[in-house]
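Single-structure report; data block below.
Protein chains: 2
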Amino acid sequence: MEIHYKDKTYFSGKDLALSAVGGRWKIAVIWCLLQESPLRLSEIQKKLPQANQRMLIRQLRELEEDKLVTRYVYPVVPPKVEYELSEIGRQLEPVVTSICNWGDEFSAFVEKEAAESSLE
Amino acid sequence: MEIHYKDKTYFSGKDLALSAVGGRWKIAVIWCLLQESPLRLSEIQKKLPQANQRMLIRQLRELEEDKLVTRYVYPVVPPKVEYELSEIGRQLEPVVTSICNWGDEFSAFVEKEAAESSLE
DNA sequence: AACAATACTGACGTTTTTGTCACTATAGGT
DNA sequence: ACCTATAGTGACAAAAACGTCAGTATTGTT
Chain S
31 MEIHYKDKTY FSGKDLALSA VGGRWKIAVI WCLLQESPLR LSEIQKKLPQ ANQRMLIRQL
91 RELEEDKLVT RYVYPVVPPK VEYELSEIGR QLEPVVTSIC NWGDEFSAFV EKEAAESSLE
Chain E
31 MEIHYKDKTY FSGKDLALSA VGGRWKIAVI WCLLQESPLR LSEIQKKLPQ ANQRMLIRQL
91 RELEEDKLVT RYVYPVVPPK VEYELSEIGR QLEPVVTSIC NWGDEFSAFV EKEAAESSLE
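Going line by line, the protein sequences match chains S and E.
When we follow the numbering used here, the leftmost residue of the first sequence carries the number 31, and every step to the right adds one.
When we follow the numbering used here, the leftmost residue of the second sequence carries the number 31, and every step to the right adds one.
Structure representation (structure tokens):
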């Protein structure tokens with residue numbers, strides 16, 4: 031079952047999923063929005079200080095284009111824009127959770143390895 | 031809790047996880063090895079025909095370096111090398127499964143969108 | 001002596017992704 | 001008239017990722 035999306039061809043849901051979610055800050059942004067929503071850009075920046083603003087905006091634009099995130103613009107000054115996960119975006123919760131859980135396991139594993147190798 | 035691994039600093043297990051699993055073919059390779067194991071390079075190639083050999087080897091090397099995959103070399107001619115998920119590698123099963131599940135949802139969503147927009 | 005099969009490596013170029021910097025728009029407050 | 005805050009954009013540079021191609025090693029078979 032071939033999937034055609036944005037001029038590309040994917041051969042499985044998994045491939046498509048990875049293309050939608052595989053940007054440097056996308057999982058992090060989704061993680062933020064799963065914890066608290068809606069969020070303004072400036073709030074996301076505070077939660078992800080290692081990411082620069084330009085990148086966050088790019089990732090948010092792509093998530094919006096893929097309809098994982100909805101963008102609400104309030105016509106006020108100074109500008110106010112809020113971001114929220116869509117229905118399909120919210121369904122990423124098990125993905126994010128399982129990554130976090132595994133990451134903690136792997137982190138412990140890595141630290142154990144480091145401790146062991148320093149003994150040698 | 032900062033994690034130091036391979037000259038980089040990670041600020042959460044999630045970040046570390048993404049660095050270990052975030053290559054073009056890594057999830058695909060892990061998916062193959064979850065389905066059937068051990069596998070030879072040539073078998074992985076058959077399962078992932080869109081990936082070129084060089085890339086598969088690179089991804090396998092990185093997975094091996096991170097100890098998610100174990101490599102077994104048999105001293106025969108022609109060469110025989112088998113790849114298998116390690117303990118920590120096998121624990122990625124929930125990650126891969128949730129990505130596949132979400133991907134199928136998202137794929138259906140995308141197709142529905144495409145069908146609707148063609149009506150307009 | 002050439003060929004086959006498998007699992008590679010090295011060099012290189014291209015493409016994609018990421019990061020940096022300077023710049024814009026807006027309306028109210030001073 | 002200028003400053004403020006927020007949420008951007010455009011142009012470009014740098015780095016990382018990816019892909020292609022040709023070549024290596026091994027030993028048994030033809």
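Think of the CB as a built atom: it goes at the ideal place given N, C-alpha and C, for glycine as much as any other residue.
Bear in mind that the values here come from a model prediction, so they are computed numbers and not experimental data.
In the structure shown, S/K97 falls within a coil segment according to DSSP collapsed to helix, strand and coil. Of all residues in the stretch 112-136 of chain S, only I118, Q121, L122, P124, V125, S128, I129, C130, W132, G133, D134, E135, F136 place a beta-carbon less than 7 Å from a beta-carbon of chain E. At a cut-off of 8 Å, the C-beta of E/L86 has no neighbouring C-beta in chain S. Residues of chain S whose Cβ lies closer than 8 Å to the Cβ of E/Q83 do not exist; the shortest such Cβ separation is about 18 Å. For E/L115, no alpha helix (DSSP H) segment is defined; the enclosing uninterrupted segment is the beta strand (DSSP E) at 110-115.
Contact holds between the stretch 35-52 of chain E and the stretch 126-136 of chain S, because three or more Cβ pairs, one in each stretch, are under 8 Å apart.
In the structure shown, S/L63 adopts helical secondary structure according to DSSP, grouped into three states. Distance from the CA atom of E/I118 to the CA atom of E/V111, rounded to whole angstroms, is 21 Å. Among the CB atoms of chain E, one or more fall inside 8 Å of the CB of S/V140. In chain order, V99 place their CB closer than 6 Å to the CB of S/L93, counting only its own chain and leaving out the 5 sequence neighbours on each side. In the displayed model, S/R88 falls within a helix according to three-state DSSP. Secondary structure of E/L46 (DSSP, three-state): helix. In the DSSP assignment, S/K36 falls outside any alpha helix (DSSP H) and carries neither an H nor an E.
The beta-bridge partner set that DSSP reports for E/L69 consists of E/Y113. Taking 8 Å as the cut-off, the Cβ atoms of E/P68 and E/Y113 count as close. Chain E places no beta carbon closer than 8 Å to that of S/S148, leaving this residue out of the contacts. Counting along the chain, S/G53 sits inside no alpha helix (DSSP H), nor does DSSP assign it H or E at all. At least 8 Å separates the CB of S/L90 from every CB of chain E. Contact annotation, E/V59 with E/L86: C-beta distance approximately 7 Å; criterion of less than 8 Å satisfied. Cβ contact annotation for S/K97 (same chain, cutoff 7 Å, sequence separation greater than five): S116, I118, in chain order.
DSSP links S/V103 through a beta bridge to S/V111. In this structure E/Q89 touches E/G53 by the C-beta definition: roughly 5 Å separates them, less than 8 Å.
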